[in-house]
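Chains as they are written, first to last, in this note's numbering: chain W, 1 to 114; chain Z, 115 to 227.
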Amino acid sequence: AQSVTQLGSHVSVSEGALVLLRCNYSSSVPPYLFWYVQYPNQGLQLLLKYTSAATLVKGINDFEAEFKKSETSFHLTKPSAHMSDAAEYFCAVSLDTGRRALTFGSGTRLQVQP
Amino acid sequence: DVKVTQSSRYLVKRTGEKVFLECVQDMDHENMFWYRQDPGLGLRLIYFSYDVKMKEKGDIPEGYSVSREKKERFSLILESASTNQTSMYLCASSFETAIWGYTFGSGTRLTVV
């Protein structure tokens with residue numbers, strides 16, 4: 001079975017501070033990993049994805065994530081938080097190319113303080 | 115702009131009613147999905163479909179059924195709505211495999227009273 005764990009249901013940072021949202025997965029085969037963002041009263045949007053190419057993946061709005069096989073992690077970072085980054089963030093995993101469905105983590109709500 | 119459209123943004127139904135949630139995509143995607151989203155639980159897969167008239171159960175199919183008669187439309191059916199089905203329901207679609215990621219609708223917030 002595949003699973004994904006997001007550590008911290010709520011994270012609060014100051015505007016301009018580093019954002020770090022944690023995601024760990026369990027998998028016996030190389031996974032495909034995704035980060036999605038959900039703004040209030042909206043559906044989810046794709047931020048970035050890892051599909052076995054470069055381990056450091058860059059996404060929209062200056063977000064990036066690094067795939068670390070040894071740690072089974074895919075943490076999301078942004079060097080400088082902006083007020084507009086306040087949202088809920090979901091990590092998701094798909095184990096292999098034949099698997100059509102994504103399994104999502106429980107989500108992390110990011111608050112950005114002025 | 116490509117879209118996944120869910121027919122209702124908010125819905126209030128009574129216990130025992132049969133409820134239909136509709137989802138339409140205009141991207142010619144093979145796969146369509148229904149998730150429910152609850153605080154602290156993230157998104158949980160109810161059903162998905164990889165072709166017309168084809169469906170597979172997700173992690174929480176009990177109390178739900180689905181219908182896909184046309185490629186662009188995927189319906190979620192609550193056979194007899196119960197209060198524990200009060201939730202946000204999200205529809206998504208994708209090309210052949212999840213490697214391409216999903217496109218999500220805006221969601222339907224269903225309240226069963």
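Even for Gly, the Cβ is constructed at its ideal location relative to N, Cα and C.
Everything numeric in this text was worked out from a predicted model, so none of it was measured.
What is the DSSP secondary structure of residue i, reduced to helix, strand or coil?
i: Lys167(Z); result: coil
i: Lys69(W); result: helix
i: Thr119(Z); result: strand
i: Ser14(W); result: strand
i: Ala212(Z); result: helix
i: Met83(W); result: helix
i: Asn198(Z); result: helix
i: Asn41(W); result: coil
i: Asp62(W); result: helix
i: Ile160(Z); result: strand
i: Met141(Z); result: coil
i: Ile174(Z); result: coil
Excluding the 5 residues flanking residue i on each side, which residues of the same chain have their C-beta closer than 7 angstroms to its C-beta?
i: Leu204(Z); result: Tyr149, Gln151, Leu157, Phe218, Gly219 and Gly221
i: Glu144(Z); result: Tyr164, Asp165, Phe209 and Glu210
i: Ser179(Z); result: Ile191 and Glu193
i: Gly215(Z); result: Ser208
So, using beta-carbon positions, are residue i and residue j closer together than 8 angstroms?
i: Gly105(W); j: Val4(W); result: yes
i: Gly172(Z); j: Ser196(Z); result: no
i: Leu17(W); j: Ala81(W); result: Just to set this straight, residue 17(W) is Ala in the shown sequence, not Leu. Taking 8 angstroms as the Cβ cut-off, Ala17(W) and Ala81(W) qualify as a contacting pair.
i: Leu46(W); j: Phe63(W); result: no
i: Tyr25(W); j: Thr72(W); result: yes
i: Ile213(Z); j: Ser14(W); result: no
i: Trp35(W); j: Leu20(W); result: no
i: Tyr89(W); j: Ala65(W); result: no
i: Pro30(W); j: Ser52(W); result: yes
In its own chain, which residues sit with a C-beta less than 8 angstroms from the C-beta of residue i, not counting the 5 before and 5 after it?
i: Leu125(Z); result: Val133, Leu135, Thr222, Arg223, Leu224 and Thr225
i: Ser121(Z); result: Leu135, Glu136, Cys137, Val138 and Thr222
i: Ser9(W); result: Ser106, Gly107, Thr108 and Arg109
i: Met168(Z); result: Arg182
i: Ala92(W); result: Val4, Leu33, Phe34, Trp35, Tyr36, Leu102, Thr103, Phe104 and Gly105
i: Met83(W); result: Glu15, Val112 and Pro114
i: Thr200(Z); result: Leu224, Thr225 and Val226
Using the Cβ count rule (16 or more neighbours within 10 Å means buried), how would you classify residue i?
i: Thr108(W); result: buried
i: Lys78(W); result: buried
i: Arg182(Z); result: buried
i: Gln113(W); result: exposed
i: Lys184(Z); result: exposed
i: Gly154(Z); result: exposed
i: Ile160(Z); result: buried
i: Tyr39(W); result: exposed
i: Leu44(W); result: buried
If I measure Cβ to Cβ from residue i and keep anything under 6 angstroms in the same chain, skipping five residues before and after, which residues do I get?
i: Gly130(Z); result: Ser194
i: Phe147(Z); result: Phe162 and Ala206
i: Gln139(Z); result: Val118, Glu186 and Ser207
i: Leu7(W); result: Arg22
i: Lys127(Z); result: Val133, Ala195 and Val226
i: Phe74(W); result: Cys23, Leu33, Ala65 and Phe67
Short of 9 angstroms Cβ to Cβ, which residues in the region 177 to 210 of chain Z face chain W? Leu204, Cys205, Ala206, Ser208 and Glu210
Closer than 9 angstroms between beta carbons: that is the criterion. Which residues of the region 26 to 58 of chain W meet it against chain Z? Tyr32, Phe34, Tyr36, Gln38, Asn41, Gln42, Gly43, Leu44, Gln45, Leu46, Lys49 and Thr51
Going along the chain, which residues of the region 153 to 167 of chain Z sit with their C-beta nearer than 7 angstroms to a C-beta in chain W? Gly154, Leu155, Gly156, Leu157, Leu159, Phe162 and Tyr164
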